[in-house]
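Colleague: Could you have a look at this structure, given as structure tokens, before my questions?
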Amino acid sequence: MFIQPLKHRLCCALGALALCFGTVAHAAYPEHSINLVVNFSAGGPLDLLARLIAAKASKILNQSVIVENKPGASGTIGAGYVARAKADGYVLLLSVDTLTTINPFVYKNNPFNADKDLSIIGRAGTFNQVLVTRAGLGPTTLKQFITLAARQNLSYASAGAASPGHLTMESFMLGSHLKMTHIPYKGNAPAVNSLLSGQVDSGFLAIAGVIQHIKAHKLTPLAVSGKERDPLLPTIPTIAESGIPGLENFDTGFGFVLMAPKKTPNAIVLQWNTLLNKILKEPDILEKLKTLNIQPTYGTPAQAEQILRRAAQSWKTVVEKTHISLD
94 MFIQPLKHRL
104 CCALGALALC
114 FGTVAHAAYP
124 EHSINLVVNF
134 SAGGPLDLLA
144 RLIAAKASKI
154 LNQSVIVENK
164 PGASGTIGAG
174 YVARAKADGY
184 VLLLSVDTLT
194 TINPFVYKNN
204 PFNADKDLSI
214 IGRAGTFNQV
224 LVTRAGLGPT
234 TLKQFITLAA
244 RQNLSYASAG
254 AASPGHLTME
264 SFMLGSHLKM
274 THIPYKGNAP
284 AVNSLLSGQV
294 DSGFLAIAGV
304 IQHIKAHKLT
314 PLAVSGKERD
324 PLLPTIPTIA
334 ESGIPGLENF
344 DTGFGFVLMA
354 PKKTPNAIVL
364 QWNTLLNKIL
374 KEPDILEKLK
384 TLNIQPTYGT
394 PAQAEQILRR
404 AAQSWKTVVE
414 KTHISLD
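Residue numbers (our numbering): 94 to 420.
Set out below in structure tokens:
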């Protein structure tokens with residue numbers, strides 16, 4: 094008559110013990126170094142942001158967070174690597190948000206699905222782009238550039254096919270009825286170098302990656318892509334300010350997103366979300382973000398997903414109108 098109650102008490106005790114050990118095991122995270130994969134080349138704003146986050150996270154977690162660059166195929170090579178990694182929180186991805194807002198529409202045979210294979214931890218900031226031309230091209234205003242581009246075949250550089258610069262230029266050409274030749278690179282830095290060397294005529298590029306060259310008069314800024322003028326380039330108008338028919342409401346915004354392999358324990362996802370929000374509020378980080386022209390963003394994973402989902406719908410329309418396909 095005492096067997097059943099004894100069994101019940103034993104099961105409860107074992108269950109409590111297992112829960113206790115599980116809590117201890119989780120509390121130990123991270124037990125060793127973490128790889129933070131960047132899916133574009135070194136030297137660009139994404140890479141620099143990753144190194145800021147990694148350095149601060151290493152101190153807070155008391156474990157090394159190592160940045161690893163895996164560029165190529167509009168970020169899908171690095172993202173695919175993370176998607177296939179063990180979902181234990183030791184391999185994470187910092188990517189431009191085009192991975193979720195644009196790539197699904199331009200890669201019909203994508204080797205992986207960002208929504209199904211990756212979990213969003215949080216947004217890590219937004220950034221502006223500026224339309225620049227190589228030294229000596231001629232135009233000093235947006236209207237002059239459009240006039241020249243309508244007369245002769247100009248080229249433009251981007252950080253890669255389906256990158257922010259690529260899609261922004263496609264949207265710009267759609268509104269201004271222009272056709273230009275796209276020269277994609279594996280990251281912002283090599284795209285900038287192509288302009289500096291005169292190999293390419295123009296490009297929409299992250300302001301942080303070109304500001305020093307603009308100040309040195311090696312590149313000519315014509316207009317910024319956001320809805321407001323940028324603090325780093327206060328005298329440069331927005332495209333919408335130009336008053337050119339078809340571009341009156343021009344506004345393209347992009348950002349960075351931290352992600353983990355799907356099925357990563359929710360506790361680890363939330364731990365990193367809290368950590369990311371904390372890091373992006375640190376005074377020294379805020380100062381460095383200003384120099385990178387990155388506006389910090391905060392919020393939960395669910396809020397980040399909602400914002401990215403809305404952006405995806407907007408870019409889907411652009412992709413359909415421009416018939417961009419990378420398969």
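For glycine and all other residues, C-beta sits at the position ideal for the given N, C-alpha and C.
Nothing here was measured: the structure is a model prediction, and the numbers come from that model.
(1) Does the separation of the CB atoms of Ala217 and Leu363 fall below 8 Å?
(2) For Phe297, tell me which candidate among Pro277, Leu385 and Ser290 has the shortest Cα-Cα distance.
(3) Rounded to whole angstroms, what's the CA-CA distance from Glu321 to Gly137? Just pull it up for me.
(4) For Asp181, which of helix, strand or coil comes out of DSSP?
(5) Following the continuous alpha helix (DSSP H) through Phe220, name the residue where it begins and the one where it ends.
(6) Determine the burial state of Gln222: buried for a count of at least 16 other Cβ atoms within 10 Å of its Cβ, exposed for fewer.
(7) Where are the alpha helix (DSSP H) runs, 4 residues long or more, that stay fully inside the segment 281-335, in chain order?
(8) Which ranges would you report for the beta strand (DSSP E) in the segment 151-204 if only whole runs of at least 3 residues count?
(9) Going by DSSP, name the residue or residues bridged to Phe349.
(10) Should His310 go down as buried or exposed, given a rule of 16 or more other Cβ atoms within 10 Å for buried?
(11) Would you grab the beta carbon distance between Ala135 and Leu235 for me? Rounded to a whole angstrom, and I think it's under 8 Å.
(12) Assign Thr274 to one of two classes, buried (16 or more other C-beta atoms within 10 Å of its C-beta) or exposed (fewer than that).
(13) With a Cβ-Cβ cutoff of 8 Å, do Asp294 and Leu230 count as a contact?
(14) When DSSP labels each residue in this structure, what does Ser134 get in the three-state scheme?
Modeller: The structure says:
(1) Within the sequence shown, the letter at position 124 stands for residue 217. Within the sequence shown, the letter at position 270 stands for residue 363. Taking 8 Å as the Cβ cut-off, Ala217 and Leu363 do not qualify as a contacting pair.
(2) On the sequence shown, position 204 is the one that residue 297 refers to. Closest by alpha carbon: Pro277.
(3) If you number the sequence shown from 1, residue 321 lands on position 228. If you number the sequence shown from 1, residue 137 lands on position 44. Computed Cα separation, rounded: 23 Å.
(4) Here residue 181 corresponds to residue number 88 of the sequence shown, with the count starting at 1. Note: Asp181 maps to coil in three-state DSSP.
(5) Your numbering for residue 220 matches position 127 in the sequence shown. Run containing Phe220: none in the alpha helix (DSSP H); it sits in the beta strand (DSSP E), Leu211 to Phe220.
(6) Within the sequence shown, residue 222 is the residue found at index 129, counting from 1. Burial call: buried.
(7) 281-289 and 300-308
(8) 158-162 and 184-189
(9) Sequence index remark: in the sequence shown, residue 349 carries index 256 (1-based). According to DSSP, which records beta bridges pairwise, Phe349 is partnered with Val189 and Gly218.
(10) The count along the sequence shown starts at 1 and reaches residue 310 at position 217. Classification of His310: exposed, given that the 10 Å Cβ count is below 16.
(11) For the purposes of this step, residue 135 is taken as residue 42 along the sequence shown, with counting starting at 1. For the purposes of this step, residue 235 is taken as residue 142 along the sequence shown, with counting starting at 1. About 32 Å; that fails the 8 Å criterion.
(12) Indexing the sequence shown from 1 puts residue 274 at position 181. It is exposed - the Cβ of Thr274 has fewer than 16 other Cβ atoms within 10 Å.
(13) The residue you call residue 294 lines up with position 201 of the sequence shown. The residue you call residue 230 lines up with position 137 of the sequence shown. Going by C-beta atoms, Asp294 is nearer than 8 Å to Leu230.
(14) Within the sequence shown, numbered from 1, the residue matching residue 134 stands at position 41. In the three-state reduction of the DSSP assignment, Ser134 falls in the coil class.
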